[in-house]
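S.K.: Residue 2 in the working numbering is what sits at position 22 of the sequence shown, and the numbering runs on without skipping anything.
A virtual CB, placed ideally from N, CA and C, is assigned to each residue, including glycine.
Got a structure for you, written out below as structure tokens; questions coming shortly.
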Amino acid sequence: MSMNENRPPWWVALIFGAVGSAMMLVAVGAIPLLEEDFQEDPAWLLFVCGILFAAAGVSLVLPTEPRWLRLIVVASVPLCMSILGAWAACSYDARLDDEGFQLPFVSEETNTTIGRVIFGMGAVFCLWLTTMALRGKGHVVGDQGDEDPSN
């Protein structure tokens, strides 16, 4: 099975790229943000989310060569996820517990600690995935000799 048979339709990549570009434009102020609730969070956070979506879209339509370009684009996805997870772990606020999930029979401090640990572990895992991708470890779809293991 060739790589082109495994690829999603081109419009999926276009949607991801458009959403990511729109997020980055909102973050830099080119598109005004209408909701007052979202203005408490830093703009760079939304910019990183935009990079995440745009890189996911670009990774769907990248050519097979050069491999280093694909590795960098694909590695930027878990890198952005690790940045977002680290931000959530370090700035996890008790005010979020009022709007989100709380474990029953557990104090507010314990709920906050659990949230920080979960997001922190996710950030470390995504950072590990980034380093593995940049080192070229693992299988990258589209490599030469890419065959379907079921055949």
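(1) Using the C-alpha atoms, what's the distance from P22 back to V8?
(2) Under a three-way DSSP split, which group does E45 fall into?
(3) Output yes or no for whether 8 angstroms exceeds the beta carbon distance between G(-3) and G30.
(4) Three or more C-beta pairs closer than 8 angstroms, one from the region 59 to 73 and one from the region 42 to 51: is that the case here?
(5) Is I11 helix, strand or coil by DSSP?
(6) Is the distance from the Cβ of A35 to the Cβ of V53 below 8 angstroms?
(7) Pick helix, strand or coil for V53, following the three-state DSSP scheme.
(8) If you reduce the DSSP assignment to three classes, tell me which class P58 lands in.
(9) To which residues of the same chain is L51 closer than 8 angstroms at the C-beta, ignoring the five residues directly before and after it?
(10) Buried or exposed, going by whether 16 or more other CB atoms sit within 10 Å of the CB of M101?
(11) Report the three-state DSSP secondary structure of V38 (helix, strand or coil).
(12) Which residue from G37, A10, V28, L13 puts its Cα closest to that of A(-7)?
(13) How big is the Cα-Cα spacing for A2 and I11?
(14) For G116, which of helix, strand or coil comes out of DSSP?
M.R.: This is what the structure gives:
(1) Indexing the sequence shown from 1 puts residue 8 at position 28. Indexing the sequence shown from 1 puts residue 22 at position 42. When rounded, the distance between both Cα atoms is 11 angstroms.
(2) If you number the sequence shown from 1, residue 45 lands on position 65. Here E45 sits in coil by DSSP.
(3) As a working mapping, residue -3 is identified with position 17 in the sequence shown. As a working mapping, residue 30 is identified with position 50 in the sequence shown. The answer is no: Cβ separation not under 8 angstroms.
(4) no
(5) Within the sequence shown, residue 11 is the residue found at index 31, counting from 1. Note: I11 maps to coil in three-state DSSP.
(6) Residue mapping note: residue 35 aligns to position 55 of the sequence shown, counting from 1. Residue mapping note: residue 53 aligns to position 73 of the sequence shown, counting from 1. Closer than 8 angstroms, so yes.
(7) For the purposes of this step, residue 53 is identified with residue 73 of the sequence shown, where counting begins at 1. If DSSP states are grouped into helix, strand and coil, V53 belongs with the helices.
(8) As a first step, residue 58 is located in the sequence shown; it is residue number 78 there, counting from the start. DSSP, read as helix, strand or coil, puts P58 in helix.
(9) One-based indexing of the sequence shown puts residue 51 at position 71. In chain order, A113, L114, G116, V120 place their CB closer than 8 angstroms to the CB of L51, counting only its own chain and leaving out the 5 sequence neighbours on each side.
(10) Here residue 101 corresponds to residue number 121 of the sequence shown, with the count starting at 1. By the neighbour-count rule (16 or more Cβ atoms within 10 Å), M101 is not buried but exposed.
(11) Position 58 of the sequence shown, counted from the start, is the residue given in the question as residue 38. Helix at V38.
(12) Looking up residue -7 in the sequence shown gives position 13. Ranking the options by Cα distance to A(-7), first place goes to G37.
(13) Counting from 1 along the sequence shown, the entry for residue 2 is found at position 22. Counting from 1 along the sequence shown, the entry for residue 11 is found at position 31. Whole-angstrom Cα-Cα distance: 8 angstroms.
(14) Mapped onto the sequence shown, residue 116 falls at position 136. Coil at G116, not helix or strand.
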